[in-house]
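What follows is a single structure, written as structure tokens, with notes after it.
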Amino acid sequence: MKKIFILSIAVFSFFVFITEKSVAQTDKGNFMVGSSIANLNFDEDYSSIALSPTVGYFVIDNLVVGLTPSIGYTSSKAVIPGDTYKTTTLGIGPFARYYFGSGSVKPLVHADYSYLHMKNRNNISGNEWQSTSSYSNVKLGAGVAYFINNYVSVDGIVSYNRIFLGSGNDVGSVKISFGFQIFLD
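Counting from 1, one number per residue, gives the positions in the sequence shown under the UniProt record's numbering.
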């Protein structure tokens with residue numbers, strides 16, 4: 001019971017601190033931290049997730065620039081029982097986002113570049129092998145941010161992603177991502 005009480009006080013204190021130090025304005029000089037999630041899929045034979053935390057600074061009103069580390073994981077089972085394919089991806093790159101308007105719902109445009117390192121671990125017919133590769137990803141998108149309160153927004157973005165593999169086999173796709181942002185002054 002004592003641990004729950006201490007944890008409750010700690011969580012309450014954190015939110016009081018955040019609300020005291022936060023503003024929902026996209027004004028020059030403010031900071032933005034948050035995360036988005038995409039490629040979310042969990043079923044018996046295939047699972048995947050991609051997380052992209054964001055840390056940015058408003059260089060002018062409504063324009064935030066910053067860094068986006070990327071973390072991805074995919075796991076799938078093959079037709080042959082026991083065969084598995086697993087991929088882990090880590091990356092980082094710059095992003096820019098521009099918000100339009102001044103209400104609680106703000107349209108936005110977003111662009112980012114990531115340099116990523118991918119590690120594959122496969123088990124095929126009892127033979128395990130690993131491979132690594134690196135590639136670049138460019139994302140251009142548009143969406144909307146809904147400001148829940150003066151401190152937090154929930155975002156939805158539809159983007160075109162272009163993966164540059166370096167072998168001439170570039171891949172393009174359309175993705176939907178959802179996330180949240182916290183605004184600090």
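Yeah, the Cβ is synthetic: ideal placement off N, Cα and C, and Gly gets one too.
Just so we're clear, the structure is a prediction, and the values are computed from it rather than from any experiment.
Query	Result
DSSP-derived helix/strand/coil call for Pro-94	strand
Minimum length 3: unbroken beta strand (DSSP E) runs contained in the stretch 38-119	46-60, 63-77 and 84-99
Collapsed DSSP secondary structure at Ile-157 in the structure displayed	strand
Inter-residue Cα distance where the pair is Ile-148 and Ser-104	7 Å
Status (buried if at least 16 other CB within 10 Å, exposed otherwise) for Ala-10	In this prediction, Ala-10 has a pLDDT of 46, which is less than 50 and means its spatial position is unreliable; what the coordinates show is noted afterwards. It is exposed - the Cβ of Ala-10 has fewer than 16 other Cβ atoms within 10 Å.
C-beta atoms of Tyr-115 and Gly-91 nearer than 7 Å	yes
Collapsed DSSP secondary structure at residue 208 in the structure displayed	No answer is possible for residue 208: the residues shown for the chain start at 1 and end at 185.
Asp-170 versus Val-154, Ser-134, Asn-41 and Asp-185, residue with shortest Cα-Cα distance	Ser-134
Exposed unless 16 or more other CB atoms sit within 10 angstroms - verdict on Ala-142	exposed
Cβ-based burial, Asn-97 [other Cβ within 10 Å; buried from 16]	The question names Asn, but residue 97 is Arg in the sequence shown. Looking at its Cβ environment, which holds 16 or more other Cβ atoms inside 10 Å, Arg-97 is buried.
Simplified DSSP assignment, three categories, for Ile-148	coil
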